[in-house]
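8 is the number of the first residue of the sequence shown in the working numbering; add one for each residue after it.
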Amino acid sequence: MVMTIVGIVIFFLGILFSIAWHELGHFATARWFGIKVPEFMVGFGKTVWSRRVGETEFGVKAVPMGGYIRMIGMMPPAKGERYGRSRRTGPFQGLIDDARQASAVDVGPEDADRQFYTRPPWKRIIVMAAGPAMNLILAVVLFAIVLMGFGRMTATTTVSEVSACVLPATATRQDVCPPGAPLTPAAAAGFQAGDKIVAFNGVRYDSWDDLQLAIRAASGTVQVTVERNGQEQVLTPTLVTTERLDLNDPNKLVPVGFLGVGPVAEVQRQSISDVGATMGSVISEVGQKLVQLPQRVPNLFGSVFLGEERSQDSPVGIVGASRIGGQILASDAPPGQEIASMLTLLALVNISLGLFNLLPIPPLDGGQIFPAIWEAIRRRFAALRGRPDPGPVDVARLLPIAYTVALVFVAWSALVLVADVINPVRL
C-alpha cells in the first residue's frame with residue numbers, strides 16, 4: 008500500500024512537470040519574440056503558491072488539471088475599434104467584448120508593441136506550437152532512456168518451449184492436448200527448448216519478428232538450422248496450415264504456416280533508430296485513439312453508472328494515470344523494469360498532451376495555430392492581388408466555439424475523473 012501511494016505521488020509530480028514543461032515552451036518562445044507574459048501557472052482555480060520574477064508571476068493553482076501562460080493581446084481589437092469600448096449586449100457579443108478587455112488588461116502605453124496579435128503569423132505559430140513540441144521532445148528523451156538505457160523485453164530466436172500438439176487459436180496456455188490431437192511440426196521434428204534457430208530454408212535470421220513472418224508465409228517441408236550444445240544441425244519439419252491471429256489485427260484470424268515453438272524473451276538495449284520507430288508508431292496509435300474518443304463515451308458512462316466492466320484501453324485522466332503509476336511501483340517486477348514502465352507511461356502522457364493540444368479547435372493551442380495559418384495565407388493572397396493587408400484574423404469571433412468546447416471538455420474530464428475513482432483501469 009505504501010509503495011502504491013509513493014508511486015501515485017511520484018507519477019503525479021511527473022505529470023505536473025510535463026504540464027510546466029509544456030508551458031515553458033510557450034513562455035520561452037513568447038519572451039524570445041518580445042511578447043509580455045504576466046502569468047505562468049500550473050493548474051487552475053485559486054492560487055496556492057506564486058512568486059513574481061521580473062514581469063511574470065509564476066505559481067501553482069489548486070486544480071492541477073492543466074496549466075497556462077497569459078500573454079497580453081491574445082485577441083486583437085475589433086476592426087476599426089480600440090480596447091476600452093463599452094460592453095455590448097447579447098449572449099455572445101458581451102462574452103467577446105469581455106474577452107477582448109481581459110486580453111488588454113495588462114497592456115500599458117509602453118506595451119503596445121509587445122502584444123501577441125501584433126507578431127507576424129509565423130511567430131505566433133511557433134509560440135503556440137512550442138508547447139506541444141516540448142511534450143514530444145520530452146517523450147523522445149523518456150523513450151531514449153527506457154529503450155537505450157534500460158532496454159526492452161525482446162523475443163529472440165532461441166526456443167523457450169515446444170508445443171506438444173496443434174490447438175485452435177482460441178486455446179489458452181492451460182489447455183491440454185485432447186486424445187488423438189496431432190503433434191506440432193516442431194515436436195514431430197525433434198525441436199527442444201534451448202535450441203537457437205539460426206536459419207530457416209537457408210536464410211539466416213537474427214530477429215524473431217522476421218523469423219516469425221517467414222514461418223507464417225511458408226508451407227510444406229522446410230529446413231531449419233538450429234544451434235544445440237554449440238553445434239549446428241538441420242531439422243526438417245513439415246509445417247501445417249492453421250488459423251492464427253493476424254499480427255496487424257488481433258481481432259482477425261488468418262491461415263498461416265505453423266511450426267509450434269515459442270521464443271525466449273530477454274531484455275535488450277535498443278538503438279537510437281528504435282527510439283525513432285517507437286515514437287512514430289506510438290504517435291500514430293495515440294492519434295487514432297484521439298479520433299476515437301467519442302466512441303469511448305458509452306463504455307465510460309456504463310462503467311460509472313451501470314456497473315459495467317471498464318475497458319483496458321479506456322481513456323484515463325491525471326488521477327487514473329497516477330493510479331497506474333502507483334500500481335507499477337507496487338508490482339513485483341525488478342526495480343529497473345518498474346522505473347522503465349513508469350517512464351514509458353509518462354512518455355505516453357506527454358505524447359497525448361502534445362497531440363491533443365494540436366487539435367484545431369479553441370481553446371487548445373491548435374485553435375490559435377490554424378487561424379494564424381489562415382491569416383498568413385490571406386495576407387499572401389492580398390499581396391499577390393495588390394490589395395491592402397487585411398489585418399489579423401479576429402480569433403475573438405471563435406469564442407462561442409471555445410466556450411462550447413470548454414464545456415464539453417469539463418463534462419468529459421468529470422466523467423473520466425469519476426470513472427478513475429470508482430472504476431479505475433487496472434494493470
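No residue lacks a Cβ here, since even glycine has one placed at the ideal position from N, Cα and C.
Per DSSP, Gly227 is paired with what?
Walking along the sequence shown from the start, residue 227 turns up at place 220. Paired residues: Leu246.
Other residues of its chain near Met78: CB distance less than 6 Å, five sequence neighbours each side excluded
Locating residue 78 in the sequence shown gives position 71, counting from the first residue. Ala37, Ile42, Val44, Phe123, listed in sequence order.
Between which residues of its own chain and Val432 is the CB-CB distance below 7 Å, once the five residues before and five after are set aside?
As a working note, residue 432 is residue 425 in the sequence shown. Around Val432: Arg317, Gln319, Ser321, Val323, Gly327, Ile331.
In whole angstroms, what is the alpha-carbon distance linking Asp217 and Ala151?
As a first step, residue 217 is located in the sequence shown; it is residue number 210 there, counting from the start. As a first step, residue 151 is located in the sequence shown; it is residue number 144 there, counting from the start. Spanning the two alpha carbons is a distance of roughly 24 Å.
Identity of the residue in Gly237, Leu246, Asn430 nearest Thr228 by Cα
Counted from its first residue, the sequence shown places residue 228 at position 221. When each option's Cα is compared against that of Thr228, the closest is Leu246.
Within 8 Å of any Cβ in chain D, is that where the Cβ of Glu239 sits?
The structure shown has no chain D; it contains just one protein chain.
If you compare alpha carbons, which of Leu23, Gln334, Ser57 is closest to Met72?
Working through the sequence shown from its first residue, we reach residue 72 at position 65. The shortest Cα separation from Met72 among Leu23, Gln334, Ser57 belongs to Leu23.
Complete runs of the beta strand (DSSP E) confined to the region 166-211 [at least 3 residues]
203-207
Going by DSSP, name the residue or residues bridged to Gly264.
If you number the sequence shown from 1, residue 264 lands on position 257. Looking at the DSSP assignment, Gly264 forms a beta bridge with Thr248.
Would Asn357 and Ser110 qualify as a contact pair, given that the criterion is a beta-carbon distance under 8 Å?
For the purposes of this step, residue 357 is identified with residue 350 of the sequence shown, where counting begins at 1. For the purposes of this step, residue 110 is identified with residue 103 of the sequence shown, where counting begins at 1. No, the Cβ-Cβ distance between Asn357 and Ser110 is not below 8 Å.
Tell whether a beta-carbon distance below 8 Å holds between Met349 and Ala146.
As a working mapping, residue 349 is identified with position 342 in the sequence shown. As a working mapping, residue 146 is identified with position 139 in the sequence shown. It is not a contact, given that the beta carbons lie outside the stated cut-off.
Using only the alpha-carbon positions, how far apart do Phe157 and Phe19 sit?
For the purposes of this step, residue 157 is taken as residue 150 along the sequence shown, with counting starting at 1. For the purposes of this step, residue 19 is taken as residue 12 along the sequence shown, with counting starting at 1. So the two alpha carbons sit approximately 22 Å from each other.
Candidates Gln219, Ile133, Val205: closest to Asp213 by CA position
Mapped onto the sequence shown, residue 213 falls at position 206. Comparing Cα positions, the closest option is Val205.
Drop a sphere of 10 angstroms on the beta-carbon of Thr177, count the other beta-carbons inside from all chains shown, and report buried for 16 or more, exposed for fewer.
Locating residue 177 in the sequence shown gives position 170, where the first residue counts as 1. With fewer than 16 Cβ atoms within 10 Å of its Cβ, Thr177 is classed as exposed.
Just mark Leu391 as buried or exposed, buried being the case when its beta carbon has 16 or more other beta carbons within 10 Å.
Within the sequence shown, residue 391 is the residue found at index 384, counting from 1. That one is exposed.
Within a Cβ cutoff of 6 Å, which residues of the same chain sit near Thr165, ignoring the five residues on either side of it in sequence?
The count along the sequence shown starts at 1 and reaches residue 165 at position 158. Excluding positions up to five away in sequence, the list reads Lys203, Val271.
Between which residues of its own chain and Arg211 is the CB-CB distance below 7 Å, once the five residues before and five after are set aside?
Here the question's residue 211 lines up with position 204 in the sequence shown. Answer for Arg211: Val205, listed in chain order.
Short check: CB of Gly52 to CB of Lys68, under 8 Å?
Residue mapping note: residue 52 aligns to position 45 of the sequence shown, counting from 1. Residue mapping note: residue 68 aligns to position 61 of the sequence shown, counting from 1. Contact flag set, yes.
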